[in-house]
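First comes the structure, then the notes that go with it.
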Amino acid sequence: MLTDTPGIHHVTSMVGDPQENLDFYADTLGLRLVKRTVNHEDVLRYHFYYGNGDGDLGTIYTCFPYPEEPPGRRGRPQLTATSFAVPPEAADYWIDRLDERGVVTERRERFGDPVVRFEDPAGTRLELVAMGSPVEPWDEGPVPAERAIRGIHGVTTLPVDPYQTASVLETLGLEQVAERDDRVRYRAAGDRATVVDLLDRDTGFGREGVGSIHHVALRADGDDLREWHDLFRERDLLVSRIHDRHYYRAIYVRAGGILLELATETPGLTVDEGTEELGERLVLPPWAEEDRPMIEDQLPPIDVPTPGRRDSDDG
Ligand code: ZN
């Protein structure tokens, strides 16, 4: 018997300049850099993981900097937005904070929740959803804890075949919980990072590049990964072999054109550094360690915004 996914594990996007990315996510958004590593498929590229203080699953947003790639274009089939949870009543704070930093915001409402929509420097669409969340924020960051991001709320997908995407989500245990206009909401049963929205919209085709969201990963029980793989293959879906990503094992499946990953909850981000030290140094997968001098020499230097520079709390 396969265990339903409790929700999102992480979301991964392709971005441009690594320093610009760090400044935006660690300073403007106030997320903690919880892992400074390299792309396992290309070790001369950074892979940054952002999250809450403990780097809990469901708070993790990861970025691959590809400064020389052309910009992507939103369209089918793609993930078109990632939303983060912020506390109820925090929308005005965030609109002011983003405005002060020259980020254009748009206020919306979706299924009863206030939503603040904007783009990161790479052009990736992000949203803040002002709603309750059990996730502990990072309390040493530049954003006061009572306003800070509480991990991922969900993602929006724009599939070429919404029925196939929906079918795979239902197989993984998500349920359709709401529908309005061309947006159908699926939700996993866990307590955080549970929302996957499907847009049934006849728009143009997208192009992957800087600013594209590459995939969304859902949490899976480690014992089930092989069985999920076999199940998807039986259904003639495009599914990868099992990859060892050092912090988790994973398979990738295309569902209605959308790249979904199933990632295990163990061993987790603290397998190679303690919670206190997360993100402070470059960590490499064990098999790349012998090439560390060459890798460090090739990666562009970066300056991680210093934590603890808290803005005033009145705001
Ligand atoms: Zn991933």
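Counting from 86, one number per residue, gives the positions in the sequence shown under our numbering. Beta carbons: idealized from backbone N, C-alpha and C, even for Gly. The structure presented is a predicted model; accordingly, all values stated were derived computationally and were not measured.
Would residue i and residue j qualify as a contact pair, given that the criterion is a beta-carbon distance under 8 Å?
{"i": "Gly236", "j": "Ala305", "result": "no"}
{"i": "Gln249", "j": "Ala340", "result": "yes"}
{"i": "Val338", "j": "Val253", "result": "yes"}
{"i": "Ala170", "j": "Ile93", "result": "no"}
{"i": "Val100", "j": "Cys148", "result": "yes"}
{"i": "Val128", "j": "Asp357", "result": "no"}
{"i": "Arg272", "j": "Leu283", "result": "no"}
{"i": "Gly140", "j": "Leu354", "result": "yes"}
{"i": "Pro173", "j": "Gly217", "result": "yes"}
{"i": "Val200", "j": "Glu212", "result": "yes"}
{"i": "Ile298", "j": "Ser98", "result": "yes"}
{"i": "Ala230", "j": "Ala175", "result": "no"}
{"i": "Gly364", "j": "Arg130", "result": "no"}
{"i": "Asp102", "j": "Leu257", "result": "no"}
{"i": "Gly143", "j": "Gly291", "result": "no"}
{"i": "Arg330", "j": "His125", "result": "yes"}
{"i": "Arg192", "j": "Thr113", "result": "no"}
{"i": "His328", "j": "Arg334", "result": "yes"}
{"i": "Arg265", "j": "Phe317", "result": "no"}
{"i": "Thr190", "j": "Asp184", "result": "yes"}
Could you spell out the range, first to last residue, of the alpha helix (DSSP H) harbouring residue i?
{"i": "Pro378", "result": "377 to 383"}
{"i": "His94", "result": "Looking at the DSSP string, His94 is not in any alpha helix (DSSP H); the run it does join, the beta strand (DSSP E), is 93 to 100."}
{"i": "Arg161", "result": "Looking at the DSSP string, Arg161 is not in any alpha helix (DSSP H), and its letter there is neither H nor E."}
{"i": "Val177", "result": "Here residue 177 is Asp; the residue named in the question, Val, does not match the sequence. Here the alpha helix (DSSP H) through Asp177 covers 176 to 185."}
{"i": "His331", "result": "Unbroken run through His331: none, as it is neither H nor E."}
{"i": "Pro103", "result": "103 to 107"}
{"i": "Glu312", "result": "310 to 319"}
Got a sec, what are the start and stop residues for the beta strand (DSSP E) residue i sits in?
{"i": "Tyr248", "result": "No beta strand (DSSP E) holds Tyr248; the alpha helix (DSSP H) holding it covers 247 to 256."}
{"i": "Tyr134", "result": "127 to 136"}
{"i": "Asn286", "result": "Note on residue identity: the sequence assigns Arg, not Asn, to residue 286. Run containing Arg286: none; DSSP gives neither H nor E here."}
{"i": "Phe149", "result": "145 to 150"}
{"i": "Thr241", "result": "237 to 243"}
{"i": "Val220", "result": "Looking at the DSSP string, Val220 is not in any beta strand (DSSP E), and its letter there is neither H nor E."}
{"i": "Phe196", "result": "Segment: none, Phe196 is in no beta strand (DSSP E) and carries neither H nor E."}
{"i": "Arg366", "result": "Note, Arg366: premise wrong, no beta strand (DSSP E); not H, not E."}
{"i": "Thr355", "result": "Per DSSP, Thr355 belongs to no beta strand (DSSP E) and is neither H nor E."}
{"i": "Ala207", "result": "Looking at the DSSP string, Ala207 is not in any beta strand (DSSP E), and its letter there is neither H nor E."}
{"i": "Ile234", "result": "Note, Ile234: premise wrong, no beta strand (DSSP E); not H, not E."}
{"i": "Glu293", "result": "Here Glu293 belongs to no beta strand (DSSP E), and DSSP marks it neither H nor E."}
{"i": "Ile298", "result": "298 to 305"}
{"i": "Thr122", "result": "117 to 124"}
{"i": "Arg268", "result": "268 to 272"}
{"i": "Ala263", "result": "260 to 265"}
To the nearest whole angstrom, what separates the beta carbons of residue i and residue j, a pair I think is in contact under 8 Å?
{"i": "Val123", "j": "Ala373", "result": "7 Å"}
{"i": "Glu154", "j": "Val295", "result": "5 Å"}
{"i": "Val262", "j": "Asp285", "result": "The Cβ separation is near 16 Å, so there is no contact."}
{"i": "Ile336", "j": "Val324", "result": "6 Å"}
{"i": "Pro91", "j": "Ala274", "result": "6 Å"}
Kindly examine the ligand ATP and report whether one of its heavy atoms sits closer than 7 Å to the Cβ of residue i.
{"i": "Val128", "result": "This structure lacks the ligand ATP; the ligands present are the ligand ZN."}
- Query: Listed in chain order, which residues are found with a beta carbon closer than 5 Å to a heavy atom of the ligand ZN?
  - Reply: Thr97, Ala302, Glu346
- Query: Do the stretch 132 to 141 and the stretch 174 to 191 touch if we need at least three Cβ pairs shorter than 8 Å?
  - Reply: no
- Query: Three or more beta-carbon pairs under 8 Å between the stretch 340 to 352 and the stretch 309 to 325, yes or no?
  - Reply: yes
- Message: With a threshold of 8 Å, are at least 3 pairs of Cβ atoms found where one atom belongs to the stretch 99 to 119 and the other to the stretch 380 to 392?
- Response: yes
- Message: Taking 8 Å as the cut-off, does the stretch 191 to 205 touch the stretch 152 to 165 (at least 3 CB pairs, one atom from each stretch)?
- Response: no
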